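For reference, the structure discussed in these notes is given below.
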Ligand code: NAD
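In the numbering used here, the protein residues as written are 16 to 508.
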């Protein structure tokens, strides 16, 4: 097959422009090692051009009635549906996840477009007549201006769609800085939104790495910044953009736990936890990383999860029978394998060891096999390290209180789940566990688009989260108006 090598261009003011910066990293198909494209390093000049285009588009877009703005989103939804399979294949090609996972990602992204179509209702303020005699008070929501989103590699289409639809439906103009490791899906989204006839400059894409990000964080005309990625970069972006006076929401990394109680249903629990740990090769911010087995659950769960992990078919995610694709890069593969080795050196036992796997015909692919590390000691470096790969740690707790204490000690708070048939245990768990996305007999506690994506602790910096009503609040400024019209007001009726 002819390689699909292509240049990664910026989308600015409705035009595809060659980046002004030198070449940056290579975009490789993680399953085959094939070169797909080369990302630019990014430059302040490229970012400046995107901000100028977004600023120029803002006055007219802000004045476009919300009911008209959402017509573009209705059309965008339609175009995404028409190109659904093609975009899903592109996601798999540049990210590596299976086609089923890519379809799931795109479906969840489209849900956000659908929710943002409700903006004429969602964006309403409130009011009260006669706050004092003849004086009325109103709260309007207004767009904030030019907003930017910086997104990670693991959901190349869905995470940009956590932000883009709400931002523009609220009347802002938008700049996306996609991950330089997966820029192609985002570019395709821009091509598709252009088909809706959206005015130039309302949506822009500027590619690159840190240089492009810094230019957006510092730019005085960028009013709001959304970020999704690792915790170290989330903290950095939050500090720098806040210092520049912007509103900021930064979603960071994760170390998600599931608690398996002895009364959990073994079959469904194993199947759901395996999907959570090994789906997307463990590269989901909601992937379970640690299973805390309580009491007698230890024995049966260790056996069943090891059997489930060993049976997964690994390969190119484009092939229908493949259940787990590669990780994003060879560097990532090496990092994950080193962490597995560190866990074993610190006392864990590899019930299943996915290091060193090779897939026939895909020798240049970045594959790590599903791994189960049993008995990871509490003091192991793994307990605080986000592996972001298909490696599940098992630890044991005497009871539910001890399991909740294990989770509470962790610095991350993205998600936590419990598997049980006890309503009382589930209630206690959801009440006490310090995580923002909680699952009860759910392995990947991913909020629907009309709920906030609620990370806590070092998984999130900010106040308002992505998606739903939080997104509308984040992308709008509240304006309170107090009105009196003395000439027409009289106490005598
Ligand atoms: P990353 O932090 O390396 O990159 C994220 C974005 O920041 C990319 O666009 C990248 O180009 C940019 N970037 C990287 N280094 C930078 C720097 N020094 N200065 C400025 N910008 C920089 O993250 P990743 O590896 O692409 O994604 C995986 C991480 O994202 C994991 O930690 C995962 O848990 C997290 N994640 C979190 C959520 C969530 O909702 N909390 C969702 C998805 C992914």
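Ideal Cβ placement from N, Cα and C applies to all residues, glycine included.
These numbers were taken from a predicted model, which means no experiment stands behind them.
Put residue i into one of helix, strand or coil per three-state DSSP.
{"i": "residue 454", "result": "strand"}
{"i": "residue 429", "result": "coil"}
{"i": "residue 117", "result": "helix"}
{"i": "residue 295", "result": "helix"}
{"i": "residue 107", "result": "helix"}
{"i": "residue 134", "result": "helix"}
{"i": "residue 76", "result": "helix"}
{"i": "residue 403", "result": "coil"}
{"i": "residue 39", "result": "strand"}
{"i": "residue 273", "result": "strand"}
{"i": "residue 53", "result": "strand"}
{"i": "residue 158", "result": "strand"}
{"i": "residue 329", "result": "strand"}
{"i": "residue 416", "result": "helix"}
{"i": "residue 166", "result": "coil"}
{"i": "residue 253", "result": "helix"}
{"i": "residue 351", "result": "helix"}
{"i": "residue 290", "result": "helix"}
{"i": "residue 491", "result": "strand"}
{"i": "residue 398", "result": "helix"}
{"i": "residue 239", "result": "strand"}
{"i": "residue 343", "result": "coil"}
{"i": "residue 514", "result": "Outside the shown range of the chain (16 to 508) lies residue 514, about which nothing can therefore be said."}
{"i": "residue 31", "result": "strand"}
{"i": "residue 218", "result": "strand"}
Between residue i and residue j, which are expected to be in contact by the criterion C-beta below 8 Å, what is the C-beta distance as a whole number of angstroms?
{"i": "residue 415", "j": "residue 358", "result": "Between residue 358 and residue 415 the Cβ distance is about 25 Å, and since that is not below 8 Å, they are no contact."}
{"i": "residue 426", "j": "residue 472", "result": "6 Å"}
{"i": "residue 239", "j": "residue 490", "result": "7 Å"}
{"i": "residue 409", "j": "residue 386", "result": "No, residue 409 and residue 386 are not in contact; Cβ-Cβ is about 11 Å, not under 8 Å."}
{"i": "residue 226", "j": "residue 423", "result": "Residue 226 to residue 423, Cβ: 39 Å. No contact."}
{"i": "residue 301", "j": "residue 459", "result": "5 Å"}
{"i": "residue 76", "j": "residue 214", "result": "6 Å"}
{"i": "residue 241", "j": "residue 264", "result": "5 Å"}
{"i": "residue 309", "j": "residue 412", "result": "5 Å"}
With a Cβ-Cβ cutoff of 8 Å, do residue i and residue j count as a contact?
{"i": "residue 193", "j": "residue 220", "result": "yes"}
{"i": "residue 91", "j": "residue 199", "result": "no"}
{"i": "residue 222", "j": "residue 55", "result": "yes"}
{"i": "residue 174", "j": "residue 217", "result": "no"}
{"i": "residue 303", "j": "residue 319", "result": "no"}
{"i": "residue 298", "j": "residue 169", "result": "yes"}
{"i": "residue 430", "j": "residue 454", "result": "yes"}
{"i": "residue 66", "j": "residue 210", "result": "no"}
{"i": "residue 40", "j": "residue 195", "result": "yes"}
{"i": "residue 363", "j": "residue 388", "result": "yes"}
{"i": "residue 421", "j": "residue 272", "result": "yes"}
{"i": "residue 436", "j": "residue 279", "result": "yes"}
{"i": "residue 332", "j": "residue 111", "result": "yes"}
{"i": "residue 178", "j": "residue 201", "result": "no"}
{"i": "residue 61", "j": "residue 34", "result": "yes"}
>> Closer than 8 Å is the cut-off here; do at least three beta carbon pairs connect the region 472 to 492 with the region 127 to 145?
In response: yes
> So does the region 369 to 388 actually touch the region 338 to 356, counting three or more Cβ pairs closer than 8 Å?
Replying inline: yes
> Is the region 71 to 83 touching the region 134 to 145 in the sense that three or more CB pairs, one from each, lie closer than 8 Å?
Replying inline: yes
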